[in-house]
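Residue numbers (the working numbering): 77 to 488.
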């Protein structure tokens with residue numbers, strides 16, 4: 077069943093209005109509005125699995141893997157055997173090379189969905205990566221029992237057997253994989269690598285050249301194996317060019333890893349500088365980190381907060397709006413934007429942001445206090461009193477909230 081239809085079928089009736097609003101916005105292709113409504117549904121019913129699933133789907137569509145994974149893990153906290161969440165969560169882990177984290181999800185998935193061919197193949201791949209050859213072979217063979225032409229299982233088992241030296245069994249599997257999915261570079265790469273090991277360099281070259289012109293054009297190992305085939309054929313200039321491409325791609329990978337390492341170090345430095353009260357230098361460090369992580373909403377939010385504290389209101393607005401564009405259902409981002417707009421005396425915008433924050437997180441007293449201040453400034457005393465009363469109810473020990481409430485009440 078389609079994920080969205082399943083989610084609608086399971087909606088809890090008492091919180092269904094928020095969920096229905098979220099689904100309506102989703103179908104109108106308004107992901108920001110959908111996420112906000114679905115978060116409101118979860119505030120109404122934290123165990124509404126269907127809302128978490130749709131949120132995960134939305135984040136995945138927007139390329140926000142971290143938030144998608146967070147939503148899926150929340151589903152698994154509620155329903156540990158939820159097949160949709162197990163499959164999607166393990167896929168996200170595998171996409172990021174996190175085999176150890178994917179392993180328990182896949183082991184649960186093959187029990188919950190024993191006829192899932194992709195689950196058995198993915199689990200076998202994780203076992204293979206961890207050196208568990210027998211378990212990997214068993215998993216790949218089970219996948220092929222379920223679907224004889226399943227490319228990942230053909231390629232995975234063929235590669236496993238080829239590396240173990242069982243070429244008679246491996247080569248038919250690898251050749252079949254290429255036939256089943258000729259556009260996938262992985263099949264050509266694995267077959268070419270196996271042919272290199274067998275000294276069949278002419279055919280290896282043909283397969284690896286196919287790999288290098290498809291989606292494998294940025295994979296260093298493709299060019300390493302291609303250089304090996306050229307070397308076996310005594311094609312020195314071509315071998316040199318392939319090795320140069322291998323070196324360039326390898327350097328690019330190392331540079332990217334180093335840049336991410338530096339970004340993490342700059343963020344740590346900024347935290348220490350912030351604790352020491354050096355906001356200017358902390359902001360400068362975070363700016364450096366942003367160069368490496370331009371789409372990290374948490375980093376953008378931190379930059380927005382620092383610039384707000386430094387009274388750089390326009391810069392703060394720009395950063396927090398960027399964070400919201402990536403993660404539109406995070407209440408803190410809307411709260412900060414509300415404070416930014418309040419500071420700039422853009423009261424209508426401030427109110428809109430604070431109302432969204434209150435909808436997303438109706439248990440945060442500071443949100444209602446700020447909303448009350450904006451409403452009071454707009455001359456809406458009754459609404460301001462109601463907001464201050466909510467703030468006091470949520471945080472009765474805070475004297476500032478109580479003072480604001482008393483000041484807002486009409487004089488007798």
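We put the CB at the ideal spot given by N, CA and C, even for glycine.
Asked, Found
"Reference residue 375, options 386, 456, 360, closest by Cα", "360"
"Residue interval of the alpha helix (DSSP H) (run including residue 126)", "125-137"
"Status (buried if at least 16 other CB within 10 Å, exposed otherwise) for residue 427", "buried"
"Sufficient close CB pairs (3 or more, under 8 Å) joining the segment 449-458 to the segment 467-478", "no"
"Cβ-based burial, residue 351 [other Cβ within 10 Å; buried from 16]", "exposed"
"Inter-residue CB distance, residue 430 and residue 380 (contact presumed, cutoff 8 Å)", "In fact, because the Cβ distance is near 15 Å, the residues do not count as touching under 8 Å."
"At least three beta-carbon pairs within less than 8 Å, the segment 109-127 to the segment 434-441", "yes"
"Rounded separation between residue 365 and residue 273 - CA only", "43 Å"
"Cβ-Cβ separation, residue 260 to residue 271 (assumed contact under 8 Å), whole Å", "With 8 Å as the limit, residue 271 and residue 260 do not qualify as a contact, their Cβ atoms being about 17 Å apart."
"Spatial neighbours of residue 178 in its chain, beta-carbon cut-off 7 Å, leaving aside the 5 residues before and after", "166, 169, 170, 202"
"Environment of residue 479 [buried if 16+ CB atoms lie within 10 Å]", "exposed"
"Exposure of residue 245, with buried meaning 16 or more beta-carbon neighbours within 10 Å", "exposed"
"Inter-residue CB distance, residue 452 and residue 484 (contact presumed, cutoff 8 Å)", "6 Å"
"C-alpha gap between residue 410 and residue 150, whole angstroms", "22 Å"
"Separation of residue 159 from residue 211, as counted between CA atoms", "22 Å"
"Coil, strand or helix - residue 374 by DSSP", "helix"
"Same chain, Cβ closer than 6 Å to residue 216, neighbours up to 5 away in sequence not counted", "200, 229, 232, 233"
"Helix, strand or coil at residue 181 according to DSSP, with G and I counted as helix", "helix"
"Cβ separation of residue 322 and residue 287, assumed to be a contact under 8 Å, to the nearest whole Å", "With a Cβ gap of about 13 Å, residue 322 and residue 287 do not count as contacting."
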